[in-house]
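Residue numbers (the UniProt record's numbering), protein chains in the order written: chain A, 1 to 338; chain B, 1 to 338. Presented below is the structure to which this report refers.
There are 2 protein chains.
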Amino acid sequence: MTKESERSTIADVARRAGVSKATVSRFFNHRETLLTPEIARRVELAVAELGYSPSPMAQSLKRGRSRLIGLVVADITNPYSVAVLRGAEHACREAGYLVMLFNLGNDLERESAGIRALTSYKVEGFILNTMGHDAGAALETARQGKPVVLVDRLHRGLEVDFVSLDNWQAIELSGGHLLEAGYRDLLLVTEPLGTVSSRIERVQAFTQFVDATPGTTGACYESRAEDPSGLDAALLQLRQRAKGPCAVVSSNAVVSLRIVAAAARQGWRLGGDIGLVGIDDTPWAPYVGPGITAVSQPTDELGRLAAQCLMQRLQGLQAAPRSILLPGTLHARGSTQR
Amino acid sequence: MTKESERSTIADVARRAGVSKATVSRFFNHRETLLTPEIARRVELAVAELGYSPSPMAQSLKRGRSRLIGLVVADITNPYSVAVLRGAEHACREAGYLVMLFNLGNDLERESAGIRALTSYKVEGFILNTMGHDAGAALETARQGKPVVLVDRLHRGLEVDFVSLDNWQAIELSGGHLLEAGYRDLLLVTEPLGTVSSRIERVQAFTQFVDATPGTTGACYESRAEDPSGLDAALLQLRQRAKGPCAVVSSNAVVSLRIVAAAARQGWRLGGDIGLVGIDDTPWAPYVGPGITAVSQPTDELGRLAAQCLMQRLQGLQAAPRSILLPGTLHARGSTQR
DNA sequence: TTGTAAGCGTTATCAT
DNA sequence: ATGATAACGCTTACAA
Numbered sequence: 001m002t003k004e005s006e007r008s009t010i011a012d013v014a015r016r017a018g019v020s021k022a023t024v025s026r027f028f029n030h031r032e033t034l035l036t037p038e039i040a041r042r043v044e045l046a047v048a049e050l051g052y053s054p055s056p057m058a059q060s061l062k063r064g065r066s067r068l069i070g071l072v073v074a075d076i077t078n079p080y081s082v083a084v085l086r087g088a089e090h091a092c093r094e095a096g097y098l099v100m101l102f103n104l105g106n107d108l109e110r111e112s113a114g115i116r117a118l119t120s121y122k123v124e125g126f127i128l129n130t131m132g133h134d135a136g137a138a139l140e141t142a143r144q145g146k147p148v149v150l151v152d153r154l155h156r157g158l159e160v161d162f163v164s165l166d167n168w169q170a171i172e173l174s175g176g177h178l179l180e181a182g183y184r185d186l187l188l189v190t191e192p193l194g195t196v197s198s199r200i201e202r203v204q205a206f207t208q209f210v211d212a213t214p215g216t217t218g219a220c221y222e223s224r225a226e227d228p229s230g231l232d233a234a235l236l237q238l239r240q241r242a243k244g245p246c247a248v249v250s251s252n253a254v255v256s257l258r259i260v261a262a263a264a265r266q267g268w269r270l271g272g273d274i275g276l277v278g279i280d281d282t283p284w285a286p287y288v289g290p291g292i293t294a295v296s297q298p299t300d301e302l303g304r305l306a307a308q309c310l311m312q313r314l315q316g317l318q319a320a321p322r323s324i325l326l327p328g329t330l331h332a333r334g335s336t337q338r
Numbered sequence: 001m002t003k004e005s006e007r008s009t010i011a012d013v014a015r016r017a018g019v020s021k022a023t024v025s026r027f028f029n030h031r032e033t034l035l036t037p038e039i040a041r042r043v044e045l046a047v048a049e050l051g052y053s054p055s056p057m058a059q060s061l062k063r064g065r066s067r068l069i070g071l072v073v074a075d076i077t078n079p080y081s082v083a084v085l086r087g088a089e090h091a092c093r094e095a096g097y098l099v100m101l102f103n104l105g106n107d108l109e110r111e112s113a114g115i116r117a118l119t120s121y122k123v124e125g126f127i128l129n130t131m132g133h134d135a136g137a138a139l140e141t142a143r144q145g146k147p148v149v150l151v152d153r154l155h156r157g158l159e160v161d162f163v164s165l166d167n168w169q170a171i172e173l174s175g176g177h178l179l180e181a182g183y184r185d186l187l188l189v190t191e192p193l194g195t196v197s198s199r200i201e202r203v204q205a206f207t208q209f210v211d212a213t214p215g216t217t218g219a220c221y222e223s224r225a226e227d228p229s230g231l232d233a234a235l236l237q238l239r240q241r242a243k244g245p246c247a248v249v250s251s252n253a254v255v256s257l258r259i260v261a262a263a264a265r266q267g268w269r270l271g272g273d274i275g276l277v278g279i280d281d282t283p284w285a286p287y288v289g290p291g292i293t294a295v296s297q298p299t300d301e302l303g304r305l306a307a308q309c310l311m312q313r314l315q316g317l318q319a320a321p322r323s324i325l326l327p328g329t330l331h332a333r334g335s336t337q338r
């Protein structure tokens, strides 16, 4: 490998091998079908000597395809997003794609900007885990035939592949477990619903679960980080209205931590004074208080499947939009033991 | 904005405005200096009507610059990496750059592959938070004059800007706090050192702290996730050798959780039976056991500074490699109260 | 089977 | 001040 300061180009290889640029290009794209073994060997040698590899930028410009996948996440700080990202990145790379990441930092308005930025780099497809608030660009993208996969959150009007936890199953699992443990009066705490489909769906599932289960009562509360005292009030109200043991279902790990904090403020023991089961298992869940009961999501799998859907579409799959729902798994711990 | 299915090109704009492609290009690159207001207005109008924006790919091909920054992280699952990533991405975007992410997934061997992949996309600079194990490509990159910034971990032989927690300060802070709280016999637990400079440095700092502080004893243990019983043994040994109260300094949040788990296995109370202070604060630290005392890193700031260094180099700054060390902040909690 | 040449969407160097 | 034109590194008709 000679050490030129500049990267060598297809022309360098052609010159060195004594062939045309076209032949070198063929070596990379149709080696088996179009090339004489002898020529192929010469090219191969020159490529090795120069340490040449094609410029994806130039290829992209010519082909209109980039081997790039755009991944837009609402908030890279969210461990769930990260876990999905991880799975997706892995699958993409295995398929020869690189991931371009755009983080919204929870700034709703930037969704279209992000999609456009990635579009301009000619990404071949999108994986979206966003708020679905400002989906104009996403819609346009899909209309242009670029594959889009939604993770965890649906966008209304956007009929594309969708990969997510089965929220109904997860809520039923949580609720059923609480019942078995003897809790009767329940409160679902979620982040502000906004237009986030997964949050809304969990509320719906919860409401239906309570309605369908005689002897239980339920309510919902939207908690925001800036307003811990609102949460305190909601929890106090739960305890007041409860005739028997009461429990909280938390909509994600961030909220679970808020509940834990609130319980600490009130001096309540988790499990005994108030039950808690949360969606999203975390490495620390077993060690907080008596251990937090949680429903884990198969996050890696979700990311992997999202990428896989995209790959299939890129290979031309024309089936109707699919909806892939994966079940969660309950991990019972002290926070649901009375 | 007319809705063509294809993105419009500079040629479309030129035609529409009745000018040449060169003029449109000038409109974007040297508007003030080279264009008649009248012409500029016509171009501006055409651009708006067509919703045109230049193709970064084509620009990149022509200019040899891509407005892309390559970010290589050892493990996207690590919250520290994510936090840094977040800060860096933000700063890059503000400067008009997009981040291309390459995650090693803790696969040491892939470092060069990642750097090469990103290089082929003509990223203009690198932010590296990796193991430094396989730095061949990084070295080559730096030699080619592409700016590189290292975060948290040095690579030997690679003399470039470096941004990190001040590990000496952080360890001294932790150790000092333990002393004040009355702990005398200390154990530093870290992930396997390998070639990771930050881990090594923390051990050095710890050793020196113990040596320089009469009346204390210290030891180090390298803990691996697969071997919890090894950790148990190390902790038992600590308690045996300890004449008075003993405590553990944990090298990062993952290890802290392992210590917590080990203490739980032994039935020890954190703080009373064994002290614990960890580097890396986390949202859950206050709620695990009696609360885990931790030294927080200014992660956002670290990422921001890394990106900022890069931007300065991209603007031609030729100063000698800088080393930016930021102090940590102690958050005292129950795990260091006897 | 291989080479020639046009063109992907830009920018930069010439002219004008 | 503006326009024609040649690159940037690659792929792909079309020719040979």
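Every residue gets a Cβ at the ideal spot worked out from N, C-alpha and C, and that includes glycine.
(1) Comparing the C-beta of residue 77 of chain B with each C-beta of chain A, is any distance below 8 Å?
(2) From the DSSP output, which residues share a beta bridge with residue 331 of chain A?
(3) So what's residue 161 of chain B in DSSP terms, helix, strand or just coil?
(4) In terms of DSSP beta bridges, what is residue 247 of chain B paired with?
(5) If distances are taken between C-alpha atoms only, which option among B:67, B:301 and B:28 comes closest to residue 326 of chain B?
(6) I need the straight-line Cα distance from residue 204 of chain B to residue 173 of chain B, nearest angstrom please.
(7) Determine which residues share a DSSP beta bridge with residue 99 of chain B and list them.
(8) Which residues in chain B have a C-beta closer than 9 Å to the C-beta of residue 89 of chain A? List them in chain order.
(9) Report the three-state DSSP secondary structure of residue 2 of chain B (helix, strand or coil).
(10) Does the beta carbon of residue 122 of chain B sit closer than 8 Å to a beta carbon anywhere in chain A?
(11) Skipping 5 residues on each side, what residues in its chain have a beta carbon closer than 8 Å to that of residue 261 of chain A?
(12) Spell out whether any CB of chain B is found under 8 Å from the CB atom of residue 289 of chain A.
(13) Assuming contact is defined by CB atoms lying nearer than 8 Å, are residue 139 of chain A and residue 157 of chain A in contact in what I supplied?
(14) Taking C-beta pairs closer than 7 Å, name the residues in chain B that residue 277 of chain A reaches, listed in chain order.
(15) Closer than 7 Å, Cβ to Cβ, to anything on chain A: give me those residues from the UniProt domain "HTH lacI-type" (8-63) of chain B, in chain order.
(16) Given that a residue counts as buried once 16 or more other Cβ atoms are within 10 Å of its Cβ, and exposed if not, what is residue 65 of chain B?
(17) Pull up the distance between the alpha-carbon of residue 176 of chain B and that of residue 277 of chain B, whole angstroms please.
(18) Identify whether residue 51 of chain B lies in helix, strand or coil by the three-state DSSP scheme.
(19) Kindly list the residues whose CB is nearer than 8 Å to the CB of residue 195 of chain A, restricted to its own chain and excluding five residues on each side of it in sequence; keep chain order.
(20) Which whole runs of the beta strand (DSSP E) in the UniProt domain "HTH lacI-type" (8-63) of chain B are 3 residues long or more, in chain order?
(21) Chain B partners of residue 283 of chain A, CB-CB under 7 Å?
(22) Going by DSSP in three states, residue 197 of chain B sits in which element: helix, strand or coil?
(23) Within 8 Å (strictly less), CB to CB, does residue 85 of chain A reach chain B?
(24) Would you please verify whether the beta carbon of residue 189 of chain A is less than 8 Å from any beta carbon of chain B?
(25) Give the residues from the region 257-274 of chain A that approach chain B closer than 8 Å (Cβ to any Cβ), ordered along the chain.
(26) I need the DSSP call for residue 210 of chain A, collapsed to helix, strand or coil.
(27) Ignore the nearest five residues each way along the sequence and tell me which others in residue 73 of chain B's own chain have a CB closer than 6 Å to its CB.
(28) Since residue 299 of chain B contacts residue 87 of chain B with CB under 8 Å, what's their CB separation in whole angstroms?
(29) Cβ of residue 246 of chain B within 8 Å of Cβ of residue 287 of chain B?
(30) With residue 82 of chain B as the anchor, note down where its alpha helix (DSSP H) starts and where it stops.
(31) Determine the burial state of residue 159 of chain A: buried for a count of at least 16 other Cβ atoms within 10 Å of its Cβ, exposed for fewer.
(32) Strictly under 8 Å for the Cβ-Cβ distance: is residue 117 of chain B near chain A by that measure?
(33) Taking Cβ-Cβ distances shorter than 8 Å, what residues in chain B pair up with residue 72 of chain A?
(34) For the alpha helix (DSSP H) containing residue 105 of chain A, list its first residue and its last residue.
(35) May I ask you to report which of helix, strand or coil DSSP gives residue 130 of chain A?
(36) Shorter than 8 Å from the beta carbon of residue 302 of chain A to some beta carbon of chain B?
Reading from the atomic positions:
(1) yes
(2) A:294
(3) strand
(4) B:186 and B:275
(5) B:301
(6) 14 Å
(7) B:69
(8) 76, 101, 102, 103 and 105
(9) Any reading at residue 2 of chain B must be qualified, since the residue scores a pLDDT of 41, below 50, and its modelled position is unreliable; the value itself is stated next. Three-state DSSP puts residue 2 of chain B in coil, outside helix and strand.
(10) yes
(11) 228
(12) yes
(13) yes
(14) Going along chain B, no residue has its Cβ under 7 Å from residue 277 of chain A, so there is no contact; the nearest lies around 16 Å.
(15) 53, 55, 56, 57, 58, 60 and 61
(16) exposed
(17) 11 Å
(18) coil
(19) 131, 132, 133 and 156
(20) none
(21) 257
(22) helix
(23) yes
(24) no
(25) 257, 260, 261 and 264
(26) helix
(27) 81, 103 and 129
(28) 6 Å
(29) no
(30) 79-94
(31) exposed
(32) yes
(33) Here the premise fails: no neighbours, minimum Cβ distance about 12 Å.
(34) Element bounds for residue 105 of chain A: n/a, residue is neither H nor E.
(35) coil
(36) no
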